[in-house]
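As given, the protein sequences belong to chains U and V, one line each in that order. 97 is the number of the first residue of the first sequence in the working numbering; add one for each residue after it. 47 is the number of the first residue of the second sequence in the working numbering; add one for each residue after it. For every residue, glycine included, the Cβ atom is placed at its ideal position computed from N, Cα and C. Fair warning: this is a prediction, and the values are worked out from it, not measured in the lab.
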Amino acid sequence: CTNDLDVEPGDPEAFLDTDFYADPASYRSGLAGVYGNLSLTGTDGAGSSNIQGLDAGTSQYGRGWWNLQELTSDEAIWSWENDPGLRELNRNTWNADNVVLRGMFGRVMTSVSFANEYLRQTSDAALDGRGVDASLRADIAEYRAEARFLRALAYYHMVDLFGKAPFVTENDPVGAFQAPEYNRERLFEFIESELLEIIPQMVDPLQNEYARADKAAAWMLLAKLYLNAEVYVNQDRYADCLQYCQQIINSGYELTPNYLNNFKADNNDQPARNEIIFPIISDGVTTQNFGPTTVMVNGQVGSQEANGGNFGVNAGGWSGALRVPAEFSETFQNGNYNIDVRNTLITEDRIINIPDVSQRDTGFIIAKWSNLTSDGQPGSAIEIVDTDFPMFRLADAYLMYAEAHLRGGGGDLGTAVGYVNDLRARAGNPNAVAANRLTLDLILNERLVELYWEAHRRQDLIRFGRYTGGTYNWSWKGGSANGIAIDATRDVFPIPAASLAANPNLTQNPGY
Amino acid sequence: QSVTVSGTITDAGSGTLLPGVNIVVKNTSNGVTSDFDGKYQIDVEQGDILVFSYVGFTTQEVPVTGTTLDVALKTDAAELDQVVVIGYGTTTIKDATGSLTSVTSEDFNKGNIVTPENLLSGRVAGLTINTGGEPGAGSTIRIRGGASLGASNDPLIVINGLPVDDNAVGGSRSVLSTINPNDIESFTVLKDASATAIYGSRASNGVIIITTKKGSRNLRVNLDTQMGTNTLPNKINVFSGNELREIVASERPGLLNRLGNANTDWQDEIYRNGMTSSQNLSVSGAIADVPVRVSIGRTYQEGLRLTSKFERNNFSANLNPSFFEDHLKINVNANASFEKNRFAGGEEGNAITFDPTQPVYDPNSPFGGFFQYTNIVDDGVLNADDLLSNSPFNPVANLLQNESISNVRRIYGNAKFDYKLHFFPDITATVNLGFDEQTADGYVKVSPFNPLSQADGRIIGSFSQYDNYQKNTLFDGYLAYNKDLGDFGIEATAGYSYQKFTSEQYNTGELLDDGPDTEPTLNVDTDLVLIGFFGRSNFSFKDRYILTLSYRRDGTSRFSPDNRWGNFPAAAFAWQINEDFFPESQAFSTLKLRLGYGITGQQNIGRGNRDLFLARYVRGLPASQYEFGGEVLTVGIPQFRNENIKWEETTTYNVGFDYGFMNDRFTGSIEGFYKESSDLLANAAISDGSNFSNAGFQNVGNFTTQGLEFAINADIIQPLNPNDFRWSLNYNATYIEREIKELALNQDQEVGGIAGGTGNTAQINRVGYAPFTYYVYKQIYNADGLPIEGGYADLNGDNIINGNDRYLYKNGNADVTMGLLSNMSYKNFDFSFNLRASLGNYVYNNVNSARAQFNLLENNAVASNLPRAVLQTGFNVTEDVILSDFYIENASFLKMDNITLGYTINSLFDGSASLRLSAGVQNVFIITDYSGLDPEVFNNGIDNTIYPRPRTFLVGANFSL
């Protein structure tokens, strides 16, 4: 009986794709899977991972994005330099074998494959074959647009981090397909055209279910692309950036009155609902992950302060896993931020410098993120937090507008200054910026103050020409306690050696 | 002068009485035979020589010097006619063409043998067995180093024709821990492809065939009992309480206020001396003319680690009736085994770092009277807030307050029917039905007085239960044809084999918490079905030239219909050279050449990877869901898929010489082999974006193993009178060299996870090197030869020390392994010991690399202990040194596994029974330069603390009738 060799998955939670999509509810479940890749690392809890080469928790999408934007900049230092790859991010000495890079490359491209698979399974032909009814088809049209949004988002992250990507669509086979390499120009073009095409099919701003992308999320992604277009493709697209920022700002989103409510356990709900444009979900019970919010809440707990109780996690948290370099602290201390709720620095009994990374009592720490709700209730668990990660939020659109204006994108100065001052006012800062004092340097500092630890900093420093080279050296840049210049090569990360090997169409970035 | 000589004749190996032995006065026809009890009586002249002969035993000539003459006959010295069980049949050593070693019960290792494989440790060239220290522990078994990189390297284990699953059911200590070593009659270790290829797809890593004892026509009773004490032979060298106070005062005086006043040796506290005992009773005899053997056995072992224990009760029955004048032979083996475990978590790492200035107990502690680092918030309830955050838990409390129990029931056995056709007796038809079912239930209960907290911070203990089940069923049917045509002999076998494996695991999740993420989970593995068609033929000419050809076609449910069938051919040739060139030579009594070639397959990439070729979706567990607008949605996630995955194939070439000198007083073999595994199954990177992961199982490369094996059995002193001093030695040595020849697209694989950092690795698989070669930084030393902290060589000279400066250095596998068994006897005393040696194996001392740095004296709010090795380096920062090649140490060793002294009383019940008393020591000593606890580690050479192997002092008694 050789027919016995034809087996089917035995597990009650595992299905053949045809069986899975035989259930109409699976179209939503499948979409949740595509979104889920932003937060979940696997199907079996926070310790499981569907990608390999690094620890499961570190492979989380948002965490990879956060690590690469923050640890490599002047905003954060990771104390546990034993953790593979992180020492080299702290010190800007990474190479192509870095596991965090490999993980992020893999995780982002897995989003591309999940989205492609979803598009394959929801093609007209597939739906016809399964006799899907018209009302579900209408929902699926929105789902498909969102899957394409998530794919565009993934390619944007590739553009920013690696400057290139293997280009795979739903028309390519599943398996070991060695996709062609797309450079920044081609990816930029794809992301732009893709977003412009799907926006009409997406739900209007604030009208979609929370955590699902709406038009504003797509506009924000376009605005980000245009703001950085000079870096990415050497094009001046500030006018386009400004236009989309304006569209977002006019679409009903509002700043939440309390700045810190954006970073609390109930930020998926009122009061932050109208400020957060696109989040990555986290929940201590149902969406467990070691993503950026869990890392930040536990990581910001001081080694000697053991102040985790203030943030709804264990008193000791992760024992001082995250601290800030002196230059970060100085930006607050030297600017007009003494009275400003965004200034969460904890300085008592600490020196501002970190002469030795392993000495966790040195350097200042911060208190921005929390697993307590806006009314002080604890989250559902004491390590994995309920706090969602705001990948896009309105305040960023305000600052992007101001920057795009200063960079010649049009709009008007009064509006731009107004937006900056709205943010200061919201933070209780009495020092309004005068119109004639609004400079790009001020914007860069203001972005740090408003958006620190939200995974923007490396991108910002590059756009302002302060990342590589020696114009701006922060502590531990280049591996030296005082910071030294690094080569311009490091404006993009290397293609991970394993990825390069598995797809010979890819080429290494110059200098690596 | 005429005298009457009398005596008893026994089998020198087993001590059993030999009836029917011919006793003749040399050069006369005067003779008698021994009676049912092995006794004889004969009238001779003083000075005559008596000749004792018996089929299957070496003839002995003994001069008459008195009136009593007891003789122990040795199994035929050459052992060449010994029947050896091979795949789907039997052969004799003399006719064997492949590389195989048979070890029968007379030659088993002695001592504290809890699991069957340890009967063989160190005994077979090319076979290594590395057993853990916990009671009833399983072993890593490797034949010729294994042939795979990412797939299983475990040999196929076949018990009475039934291949067993190489995963133990969850809750059982190991695959073999449920099997009673006392029921085993023999092992055959098949090493090269010509011997193994009949098992086709499952034989790349060699095969171990276990045959259990059968019934006999005569009544035999054997009662065996052993008692012993397990003791701790060695500890990791850390500071005592007083020493730590001094070290802290000099190195980190700021921490002095965190120290206590006690002097606790936490390693002494987590270990104990344990008791070990085993009793076995077997009875065999004929019931209604059907030979039957029944046995019961009980083994009880307390582990060194507090609370851990292993208990096993075995029942086995064997019936081998024959019918129709022996045309139909039936052999039924039925076994039931009950294993009961208490598991103790690994507290070694905690014990070597827990502050020795703190006491074990604290009368004021709310945590069951155990000292814990607390920070009591006076709110009447205990929760995570009441503990000093990020401080370790008392290791003794962790052991005593955790109850992890499993009960395993295993029923296995087979029924084999051999029918010699009435109308054509040259053909035998065989059907073998096999069955192996294992169920395990267990629970893990943590006391509410243990500081362990739930995810929400409540300290209420923890409780969960599990039920695991696995079953495998076998059907084999084959025909064997056997014909002698004068000088030519032909044997041919052809058959079909079907085997199916099913398994599932159920876990209740946390029962003390009712959140959605603590709901029960049921995991059902996809069935594995293996089907094979096989054939083998042997052609012999004048018993000197033997050619064996075999072929197997195997199908596995693991691969797609296009890839699931594989063909595995083999050929071997043997030539009895001495028969051609020096047939009469006594000095050069055996010389046989064996040449073998064959291809075997591999498909075992683990239980979770049985359907990788299918397009699968998996739904997230309750903890892994996503939310849309506050609605919690079960995610459906596509899984890595490889439709092209196919067999890994290993081609083996083998050349061997079997030799015998001085009438086979010295026998043995020398072999050389070369194995090449291609289409290696390994978990490797896949083109990003093309699949639902960045890596997965693929056929990636090519890997070779070559080696030499040498074995000798020597009767160093072989007296004429069996009561005089006798000494025999069995020695073997193996040299193995492994190299990765090709990996898909030349990609490296980082492997060898280490402690210290999350997800850190210290090894790499790279083309041109042995698998699991260490991948580290090159340490720089100062003028005094001391390592410079953080001083790594800039090997690529770019002035940046980063991953590009790591290099490949040594590996954990031994170049040479050796085993020696010595058996001596004098009068009623016997004395034996065995030694094993391993040369050229290097260990990454992760105990020191992740702990022996002064910064670690401070562990957040508390002080910590360190390995004393820190004094040697003075290192401070773990991060700066953890991947230094300084921590890679030569771990070559010489180990005495066992030493036993026995005394046998033969004259019980008028000589019809005997009693052997013995005393011995297990794990006697280790000689090594390795600075850690034990150089024999797992994980391909990464030592991050192990469960220490006990030194056991044993006494035993064996009564046989």
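- Inter-residue distance for G510(U) and H501(U) is about 10 Å (C-alpha atoms, whole angstroms).
- In the three-state reduction of the DSSP assignment, E788(V) falls in the strand class, which pools E and B.
- Taking the beta carbon of E177(U) as reference, the chain V residues within 7 Å of it are E925, listed in sequence order.
- Here I973(V) has F939, L940 as same chain residues with Cβ atoms under 7 Å from its own Cβ, once five neighbours each way along the sequence are excluded.
- Rounded to whole angstroms, the Cβ separation of G702(V) and I716(V) is 7 Å, and the two are in contact under 8 Å.
- The beta-carbon of V588(U) is placed no less than 8 Å from the nearest beta-carbon of chain V.
- A residue is called buried when at least 16 other Cβ atoms come within 10 angstroms of its Cβ; D335(V) does not meet this threshold and is exposed.
- The beta carbon of F587(V) sits closer than 7 Å to those of D533, F534, all from its chain and outside the five residues before and after it, given in chain order.
- Proximity of chain V to T603(U) at the Cβ level (cut-off 7 Å) is not reached, the minimal Cβ distance being about 14 Å.
- Legend: CB atoms of the region 660-676 of chain V lying less than 7 Å from CB atoms of chain U belong to residues L660, A661, R662, Y663, V664, R665, G666, L667, P668, A669, S670, Q671, Y672, E673, F674, G675, G676.
- Contact of S466(U) with chain V is not assigned, every C-beta pair being separated by 8 Å or more.
- Within its own chain, the residues whose Cβ lies closer than 6 Å to the Cβ of L197(U), once the five positions on either side in sequence are excluded, are F589, P592, listed in chain order.
- For T98(U), the residues of chain V that pass the 7 Å Cβ criterion are I577, G601, in the order they occur in the chain.
- Considering only beta carbons, the part of the region 378-389 of chain U lying closer than 9 Å to chain V consists of D379, G380, V381, T382, T383, Q384, N385, in chain order.
- Restricting attention to alpha helix (DSSP H) runs no shorter than 4 residues, the region 417-482 of chain U encloses them at 422-430, ordered along the chain.
- Secondary-structure assignment with DSSP links Y86(V) through a beta bridge to G53(V).
- The CB of F738(V) comes closer than 8 Å to the CB of N146, T206, S209, F210, E213, V270 in chain U, given here in chain order.
- With contact defined as three or more Cβ pairs closer than 8 Å, the region 774-787 of chain V and the region 234-254 of chain U are not in contact.
- In summary, the residues of the region 251-266 of chain U whose CB is separated from some CB of chain V by less than 9 Å are A261, P262, F263, V264, in the order they occur in the chain.
- Taking a 10 Å sphere around the C-beta of D336(U), we find 16 or more other C-beta atoms and assign the residue as buried.
- Between the alpha carbons of T137(V) and L641(V) lies a distance of about 17 Å.
- The beta carbon of F116(U) sits closer than 8 Å to some beta carbon of chain V.
- Closest in C-alpha terms to N453(V), from the list G948(V), N364(V), Y489(V), S194(V), comes Y489(V).
- Counting other Cβ atoms within 10 Å of its Cβ, S576(U) stays below 16 and is therefore classed as exposed.
- W414(U) sits in coil when the DSSP states are folded into three classes, being neither helix nor strand.
- When Cβ-Cβ separations below 8 Å define contact, V117(V) makes no contact with chain U.
- Straight-line spacing of the CA atoms in G271(U) and F470(V) works out to 54 Å.
- Interface annotation for the region 684-707 of chain V against chain U: P684, Q685, F686, R687, N688, E689, N690, criterion Cβ-Cβ distance under 8 Å.
- Taking a C-beta distance under 8 Å as the contact criterion, I934(V) and V822(V) qualify as a contact pair.
- For I505(V), same chain residues with a beta-carbon under 6 Å away, outside a window of 5 residues either side, are L428, N429, S499 in chain order.
- DSSP, reduced to helix, strand and coil, places N655(V) outside both helices and strands of the structure shown, so it counts as coil.
- Closer than 9 Å at the C-beta level to chain U, one finds no residue of the region 322-356 of chain V.
- Contact of T420(V) with chain U by beta-carbon distance below 8 Å is absent, the smallest such distance being about 12 Å.
- When secondary structure is reduced to three states using DSSP, N894(V) falls in the helix class.
- P296(U) sits in a helix when the DSSP states are folded into three classes.
- Taking a contact as a CB-CB distance under 8 Å, the pair L544(U) and E171(U) counts as one, their CB atoms being some 7 Å apart.
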